[in-house]
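Protein chains in written order, with our numbering: chain A, 609 to 1063; chain B, 609 to 1063. All C-beta atoms in this analysis are idealised placements derived from N, C-alpha and C, irrespective of residue type, glycine included. Here is the structure we will look at.
Protein chains: 2
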Amino acid sequence: MNASPQCLNLWHVCETTRLDKARETLAAVLAEHADRLVGRFYEVFLKHDEASHFLSHSVVVDRLSPSLQRWLQSLATFDPNQGIEEFAERQRKMGEVHSRIKIPVHIVLEGASLIKSDVGEILLSNHGNREGATAIVLLNEVIDFAMLLMSQAYVTGVAQRAKIEEAYRLFTLGQDVSVERESQRAALLEWSQAAIFSLFGGAGGARLKPISQSEFGLWFRHRASVMFQGSIMLNSIDAAMKEIDEQLLPSIDSLPSLHGPDGAAPLVANLQARVEEIKFLLADLFQSLSASAGGRDPLTSTLSRKFLPSILGREVALSQQHGTPLAVMMIDADHFKQINDTRGHAAGDAVLRQIAEIIADNTRSADIVFRYGGEEFLVALVETNLEAALEVANRVRAAVMAAEITVGDGSKVHATVSIGVATHTGHPDYQHLINAADQALYRAKNEGRNRVIAA
Amino acid sequence: MNASPQCLNLWHVCETTRLDKARETLAAVLAEHADRLVGRFYEVFLKHDEASHFLSHSVVVDRLSPSLQRWLQSLATFDPNQGIEEFAERQRKMGEVHSRIKIPVHIVLEGASLIKSDVGEILLSNHGNREGATAIVLLNEVIDFAMLLMSQAYVTGVAQRAKIEEAYRLFTLGQDVSVERESQRAALLEWSQAAIFSLFGGAGGARLKPISQSEFGLWFRHRASVMFQGSIMLNSIDAAMKEIDEQLLPSIDSLPSLHGPDGAAPLVANLQARVEEIKFLLADLFQSLSASAGGRDPLTSTLSRKFLPSILGREVALSQQHGTPLAVMMIDADHFKQINDTRGHAAGDAVLRQIAEIIADNTRSADIVFRYGGEEFLVALVETNLEAALEVANRVRAAVMAAEITVGDGSKVHATVSIGVATHTGHPDYQHLINAADQALYRAKNEGRNRVIAA
């Protein structure tokens, strides 16, 4: 098994009779106060938004309380010398379920902590002090053991689920989005047409379906929210739909007549304006996809900075595990603002493209080049020590200085770069490596630019 | 702040003088035993493979021990009435760092548990019992509070990182893999050519570079391991490279002469065989990509089952939150094996395609259709109650029965389906919904097939 019962210290240090007495005491307290303890635990649950909006009161009472009761009982009867693997398996199972039903581990930890405090309080005031104290330590050790097993399974589940969710989101983006865009635009227009017809069909007309219940409304709630995760335009569309369903449609419905001076004309115009608004927002949403989907910077074809934590974290770990060196270059175009200001953006773009090309020519297929900022590149040189990294950096610096860069209009521009180089020194946090390269770059800038400085 | 100090029970129930005394006692014990406690904590770390292969002894001693010392001290001086947010922020920061440097939360929990046990032991034996017990409860509450804050930040970090990693993996797959395949095949052949030349260049030849140090070797370690994550072919390639570098090359190197009866011929043949093996495995690796990359079942264009946890989990949560209904249909082709056996696989494929088409015709764009198994589909009908779901199921059943399905050779085949329908009843675990639909399907099969049964 994974988690060692080393943390069940009491079984190593405590004589059997004292331990047995403590288990007995604990079992009695847990049995006597079971209902209150379970109640306390779920108070914590329902207090947290992450859990309460999801777990209704009835779910808690009907389904979770009995299982928590059983869990409490199992704590008092637990004996690491008998069936430890069974106990461990049950805790892991619970951790898995929590990750599936999205009960955050910190809420479970908080609930468990409350139970420990409560029981501790009772034990201290009702029992002999030494006996009570042993029972407190016992309960703590067993609950902590359960918590670490649960957390481990929970974290594994959360990470797996996060991967699947991201894969699904990217999958929906990779689908033929132009088809989806057109079919949802059509679904929206279909609803608005049906709405107008139904309104002017008079009292005999069929009752109007709310837009949130339409094909478009369903798609919006169940699909768009995944595809366009995090976009603020989602909120605007949601608000427009709510306004239609909760204000405009009821107002129109309650009119005595659709014609005449109190007629529906202004309301219908309003309705149409809201539908138009949704149509524009929808187009914008799909438009925004193409801009953000790629993993590469469109100008220089270097890797998007968003992958940096994943890749550098992995490379630092590989370096640590295998004892291989790892170097990072931070490369910044000198006087870039000036080039942009005096020669125009096309010249600036040409400079960045040329620098990226020179970096690519001087690195291997396993090295990784990121567009790190406006005029900054970060390069991870795998299995490369400081000496070799400085050599690469100097080649890049010399090549940029020597290059005659052609702008789109045929004119030429020259550029230089400053480079900071750092190597992995054993610190497990990749952020330290980036910071070190950044500081070296800063010094290279300060000392006159067009130079390479090692951290 | 997020985590309520409600779990710091002692501050609510304990009179100030008793609490102050307990804090004093605790501070003294933590200061006296700091070195031993830190040592105990890192014993746990280094015992676990997940942490030890990453954290070398020197990293632990130089960097982590001082920060753990400071953390221990902060536990004794912590007072929720003063600067609780500062304390909380520090714990969250630590959780973030742990997620970045991949120290699993369960190991931190285990270490913390050990510290609690150890200190508890000391307090029980060296101090007045009531006073010792209060100090134990105090330490437990403060450590548990720290742990829940740390876990929360850790889990957030892990989930974010898992998403980025998956996005990067999928991004590398989405690149032009045929270019990558060819260039790495070329890199491999380049190494093997250089190897042969260098061998027969005799004693004057340049020293041979190990294959693991070649462009191909670097690519394999730093790129292929991401692109082909989890493939067992990676291990085979790794083993072949190891054999080359650790056995074949040293044997060839140590030969007195490359010619004559003790010559290199058999060893070189062996080397060539290993390179060929790697070449084939590499081709297979890239081949395997196209099969697994898609999110849809290639035969029926329904969604891959791998997205099920993400989508159903989300739909169950939406249903729970908004009080909207949710239905699941489990649809299974009747006597499918028989169709395959008597009419051939083309007929079976045609039946599955036809069923998928009929399902698509009878569902809306927000509903989700999965290929669940060989001849089984799972359909999530969003915002649909049992009555409406049964209607859809019966339409699908009738349409399949009525369809005359054309096989590739022009012949016709008929098929029926059995369908189990279940609706979300409030259980937060989507697996219960699937099980319920599955059991209903089982009954539909048992009761004679070609029918719809509600759970």
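Proximal residues to residue i (C-beta, below 8 Å), its chain only, five neighbours per side dropped
i	result
Glu1055(A)	Ile1061
Ala891(B)	Arg789, Arg793
Thr971(B)	Val977, Val987, Leu989, Val1000
For residue i, the residue or residues it bridges with in DSSP
i	result
Ala1030(A)	Val936(A)
Lys1020(A)	Thr1014(A)
Phe978(A)	Leu911(A), Leu986(A)
Val1060(A)	Ile1027(A)
Gln690(B)	Asp687(B)
Arg904(B)	Leu911(B)
Ala941(B)	Val1025(B)
Below-8 Å beta-carbon distance, residue i vs any chain B residue
i	result
Ser725(A)	yes
Ser1019(A)	no
Ile787(A)	It should be pointed out that residue 787(A) corresponds to Val in this sequence rather than to Ile. Judged by the 8 Å Cβ criterion, Val787(A) is not in contact with chain B.
Asn1043(A)	no
Asn617(A)	yes
Glu854(A)	no
Gln601(A)	The structure shown does not extend to residue 601(A), since chain A is modelled only from 609 through 1063, so no value can be given for it.
Ile819(A)	no
Ile919(A)	yes
Phe985(A)	no
Asp687(A)	no
Met835(A)	no
Asp752(A)	yes
Ile1061(A)	no
Lys909(A)	It should be pointed out that residue 909(A) corresponds to Ser in this sequence rather than to Lys. Cβ-Cβ to chain B under 8 Å: no for Ser909(A).
Val621(A)	yes
Cβ neighbours of residue i in the same chain (closer than 6 Å, five flanking residues each side left out)
i	result
Leu683(B)	Val750
Asp1046(B)	Met938
Glu651(B)	none
Leu863(B)	Ala872
Ala958(A)	Ile1013, Val1015
Any C-beta of chain A under 8 Å from that of residue i
i	result
Gly813(B)	Note on Gly813(B): pLDDT 48, under 50, position unreliable in the model; the coordinate value appears next. So no, Gly813(B) is outside the interface.
Ala802(B)	no
Asp861(B)	no
Glu823(B)	yes
Glu718(B)	yes
Ser682(B)	no
Lys850(B)	no
Leu756(B)	yes
Where residue i meets chain B, residues with beta-carbon distance less than 9 Å
i	result
Trp827(A)	Arg972, Ser973, Ala974
Close-in-space but distant-in-sequence residues of the same chain around residue i (CB under 7 Å, 5 per side omitted)
i	result
Phe836(B)	Leu842, Leu893
Ala1052(B)	Ser1026, Ile1027, Gly1028, Arg1059, Val1060, Ile1061
Leu857(A)	Leu816, Pro818
Gly812(A)	Unreliable positioning characterises Gly812(A) in this predicted model, as indicated by a pLDDT of 48, which lies under 50. The coordinate reading is nonetheless provided below. Closer than 7 Å at Cβ, skipping near neighbours: no residue.
Arg626(B)	Thr742
Interface residues of chain B facing residue i [CB-CB closer than 8 Å]
i	result
Gln760(A)	Pro712, Val713, His714
Glu923(A)	His830
Lys771(A)	Ala770, Lys771, Glu773, Glu774
Val763(A)	Pro712, Val713, His714, Tyr762, Val763, Val766
The ligand GTP heavy atom lying under 7 Å from the CB of residue i
i	result
Ile1013(A)	In the structure on display, the ligand GTP does not appear, and there are no ligands present to speak of.
Chain A contact residues for residue i, given Cβ-Cβ distances below 8 Å
i	result
Met937(B)	The premise fails here: Met937(B) is roughly 16 Å from chain A at the closest Cβ pair, so nothing lies under 8 Å.
Val705(B)	Asp1037
Leu732(B)	Arg738, Ala741, Thr742, Val745
Within chain A, the residues that residue i reaches when beta carbons sit closer than 7 Å
i	result
Glu693(B)	Residues of chain A passing the Cβ test: none, with the nearest at roughly 16 Å.
Phe888(B)	Neighbours of Phe888(B) on chain A: none; closest Cβ ~21 Å, over 7 Å.
Glu991(B)	Leu826
Interface partners of residue i on chain A, CB under 9 Å
i	result
Leu778(B)	Glu774, Ala775, Leu778, Phe779, Gly782, Gly903
Lys914(B)	Ile772, Ala775, Tyr776
Ser1068(B)	With chain B covering 609 to 1063 only, the question about residue 1068(B) has no answer from this structure.
Neighbour list for residue i in chain D, Cβ cutoff strictly below 9 Å
i	result
Ile744(B)	Looking at the structure shown, chain D is missing, and the protein chains on hand are A and B.
Cross-chain neighbours of residue i in chain B, by beta carbon under 7 Å
i	result
Asp628(A)	Near Asp628(A) there are no residues of chain B at all, since even the closest Cβ is about 17 Å away, more than 7 Å.
Checklist entry - Counting Cβ pairs, one atom from each stretch, are 3 or more of them under 8 Å apart for the segment 712-732 of chain B and the segment 742-761 of chain A? => result yes
Checklist entry - Would you say the segment 912-922 of chain B touches the segment 991-1011 of chain B, given that touching needs at least three Cβ pairs under 8 Å? => result no
Checklist entry - At a cut of 8 Å, does the segment 700-709 of chain B reach the segment 756-770 of chain B through at least three beta carbon pairs? => result yes
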